[in-house]
Amino acid sequence: MEFRKLLKEENIRLSEIDRSEVVERICLHKDGQLIIKEEFYHIKGWHEKELQDYIEILHDISDRGGTIYGAFEGAEICGIAALDSQFFGINNEYLKFDKLYVSKNYRGKGIGTELVKLVRKKALEMGAKKLYISATPFENTVRFYMGVGCTLAEEFIKEMHDLEPEDIHLELKL
184 MEFRKLLKEE NIRLSEIDRS EVVERICLHK DGQLIIKEEF YHIKGWHEKE
234 LQDYIEILHD ISDRGGTIYG AFEGAEICGI AALDSQFFGI NNEYLKFDKL
284 YVSKNYRGKG IGTELVKLVR KKALEMGAKK LYISATPFEN TVRFYMGVGC
334 TLAEEFIKEM HDLEPEDIHL ELKL
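The sequence shown finishes on residue 357 if you use our numbering, and the numbering steps up by one all the way, no holes.
Structure, rendered in structure tokens:
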């Protein structure tokens with residue numbers, strides 16, 4: 184497995200990630216607690232508009248000096264992670280860990296964890312104290328992030344909540 188920074192023109196390779204997934208439970212954040220709720224989704228892949236929006240976000244991150252990492256098995260891209268470069272929060276100590284996807288057939292093999300390590304290292308080099316993650320509320324996603332050390336975000340960042348109010352807002356102290 185090779186991990187490396189992507190060039191801006193490689194951001195379109197996000198389309199090669201098999202994001203299909205069966206979701207049986209989601210997480211809700213209520214009164215400082217995570218509550219698990221039964222809810223079924225069968226995600227079969229990318230919706231074209233969503234994919235184009237996400238690629239545009241990756242381009243914007245690249246243009247601002249952020250970093251996009253890819254995980255490769257030979258020529259096949261099997262994971263992607265994005266770190267934005269704009270600091271925010273009351274003390275300007277957060278950087279946004281914006282995207283993390285691992286292809287279905289590669290999940291559970293440590294690829295996501297390795298991508299988190301790369302993003303974490305880069306964020307430290309940039310002077311961040313925390314990563315901010317707006318995670319889809321799928322139980323598997325939230326459990327993954329908690330497993331790598333994330334906690335519920337201490338700071339309420341209105342702009343992030345307004346963008347994705349259903350997400351679980353997390354942070355990772357560096």
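Glycine included, every Cβ here is placed at the ideal spot set by N, Cα and C. Note that the structure is a prediction, hence the values are computed from the model and not measured.
- Query: Would the beta-carbon of A254 fall within 7 Å of that of I294?
  - Reply: Position 71 of the sequence shown holds residue 254. Position 111 of the sequence shown holds residue 294. Yes, Cβ-Cβ distance for A254 and I294 is below 7 Å.
- Task: Assuming I219 contacts S203 (C-beta within less than 8 Å), just tell me the rounded distance between them.
- Result: The count along the sequence shown starts at 1 and reaches residue 219 at position 36. The count along the sequence shown starts at 1 and reaches residue 203 at position 20. Not really, about 22 Å apart at Cβ, beyond 8 Å.
- Query: Using the C-alpha atoms, what's the distance from I238 back to K304?
  - Reply: Indexing the sequence shown from 1 puts residue 304 at position 121. Indexing the sequence shown from 1 puts residue 238 at position 55. Rounded to the nearest angstrom, the two C-alpha atoms are 23 Å apart.
- Message: Less than 7 Å between the beta carbons of N275 and H242, yes or no?
- Response: Reading the sequence shown from its first residue, position 92 is the one you call residue 275. Reading the sequence shown from its first residue, position 59 is the one you call residue 242. Not a contact, by the Cβ cut-off of 7 Å.
- Query: Where Y284 and L346 are concerned, what is the direct C-alpha to C-alpha distance, given to the nearest angstrom?
  - Reply: Stepping through the sequence shown from its first residue, residue 284 is reached at position 101. Stepping through the sequence shown from its first residue, residue 346 is reached at position 163. The straight-line gap from Cα to Cα measures roughly 19 Å.
- Task: Whole angstroms is fine: what's the gap from F186's alpha carbon to H212's?
- Result: Numbered from its first residue, the sequence shown carries residue 186 at position 3. Numbered from its first residue, the sequence shown carries residue 212 at position 29. F186 and H212 have their C-alpha atoms spaced approximately 33 Å apart.
- Do you know whose CA, among S245, I273, W229, Y328, lies nearest L189's CA? Translated into positions along the sequence shown, residue 189 becomes position 6. Closest by alpha carbon: S245.
- Pick out whichever of K232, C210, L301, E233 has its Cα sitting closest to the Cα of I263. Indexing the sequence shown from 1 puts residue 263 at position 80. Taking I263 as reference, the option from K232, C210, L301, E233 with the minimal CA-CA separation is L301.
- How should E352 be labelled, buried or exposed, when 16 other C-beta atoms within 10 angstroms of its C-beta is the threshold for buried? Residue mapping note: residue 352 aligns to position 169 of the sequence shown, counting from 1. According to the sequence as given, residue 352 is His; it is not Glu. Buried: at least 16 other Cβ atoms inside 10 Å.
- Task: Check each candidate in N323, T324, A318, L298 and name the one with the smallest Cα separation from T250.
- Result: Counting from one through the sequence shown, the residue named residue 250 turns up at place 67. Per the Cα distances, L298.
- Task: Could you name the residues that DSSP lists as bridge partners for C210?
- Result: Translated into positions along the sequence shown, residue 210 becomes position 27. In the DSSP assignment, C210 forms a beta bridge with I219.
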